[in-house]
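Since the structure comes first, as structure tokens, the remarks are kept for the end.
As structure tokens, this is what we get:
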């Protein structure tokens, strides 16, 4: 895909979703990290229903909400079984609780309880893959990164953003999609751009029955399955 077409797509997404805000409620790097781990195979809406029972409602303090479990130390005090009870409705709660507990141990043992702002250090924590680490970097620390979830992977291939960047055809894995997007997207578009692609995927370019005829990117889309009227 020619660079001018990439820029035109991002320009349209900027108009559609100006100043995008992350959907997961959080108040610091740690609460965002926990929320992102919980969001695996779970909607952001569901996670936002669960996390007030851990962190309290955003903007409230401990005196207003009772005990808050908003630090590695407090999560470890809560314990794995206590954590499971709170996050159960997020799905896969056994694995998520285990990963969150391991992540908390790792933060305390390696980083004095602070969430690092280096990708290589983040991915060493249990339950923290490259996508999760990239979310923390760009959404909290404002360090340019390209988190690739299922929406970004799907839409980047449908639009043709990543076609031919790393070789013939599109990309087969989120990791390859990330590498390709880093090549074609201007660095100053990485942080807002990945959110705009996600929102476009939720609103229009859905996995099933995408709303092609309402899509502002229709003329640029290279997906062979798109509706043509």
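In our numbering, the protein residues as written are 954 to 1182.
All C-beta atoms in this analysis are idealised placements derived from N, C-alpha and C, irrespective of residue type, glycine included.
These figures come from a predicted structure and were not determined experimentally.
Residue i versus residue j - alpha carbon distance
i	j	result
residue 1048	residue 1057	14 Å
residue 1160	residue 1100	18 Å
residue 1153	residue 1077	31 Å
residue 964	residue 1139	12 Å
residue 999	residue 958	36 Å
residue 955	residue 984	39 Å
residue 1094	residue 1144	11 Å
residue 1030	residue 1021	11 Å
residue 1120	residue 1070	32 Å
residue 968	residue 1169	10 Å
residue 1134	residue 1114	7 Å
residue 1018	residue 980	Bear in mind that the predicted position of residue 1018 carries a pLDDT of just 47, short of 50, making it unreliable; the figure below should be weighed with that in mind. Going by the C-alpha atoms only, they are around 15 Å apart.
residue 1157	residue 992	21 Å
Three-state secondary structure (DSSP) of residue i
i	result
residue 1098	coil
residue 1064	helix
residue 1118	coil
residue 969	helix
residue 1087	helix
residue 1159	coil
residue 995	coil
residue 1093	coil
residue 1043	helix
residue 1016	A caution first: residue 1016 carries a pLDDT of 39, below 50, which makes its placement in the model unreliable, though a value can still be read off. In this structure, residue 1016 counts as helix in the three-state DSSP scheme.
residue 976	coil
residue 1181	coil
residue 1169	coil
residue 1028	helix
CB contact flag (residue i, residue j, <8 Å)
i	j	result
residue 1053	residue 990	yes
residue 1060	residue 1072	no
residue 973	residue 1149	yes
residue 1003	residue 1028	no
residue 1055	residue 1025	no
residue 977	residue 1001	yes
residue 982	residue 1088	no
residue 1063	residue 1050	no
residue 1162	residue 1128	no
residue 995	residue 1035	no
residue 1175	residue 1116	yes
Exposure label - residue i; buried when at least 16 CB within 10 Å
i	result
residue 1111	buried
residue 1085	buried
residue 1155	exposed
residue 1178	exposed
residue 1032	exposed
residue 1118	buried
residue 1142	buried
residue 1092	buried
residue 1181	exposed
residue 1042	exposed
residue 971	exposed
residue 1023	buried
residue 1107	buried
residue 1102	buried
residue 1166	exposed
residue 1124	buried
residue 1126	exposed
residue 1146	buried
residue 1130	buried
residue 1009	buried
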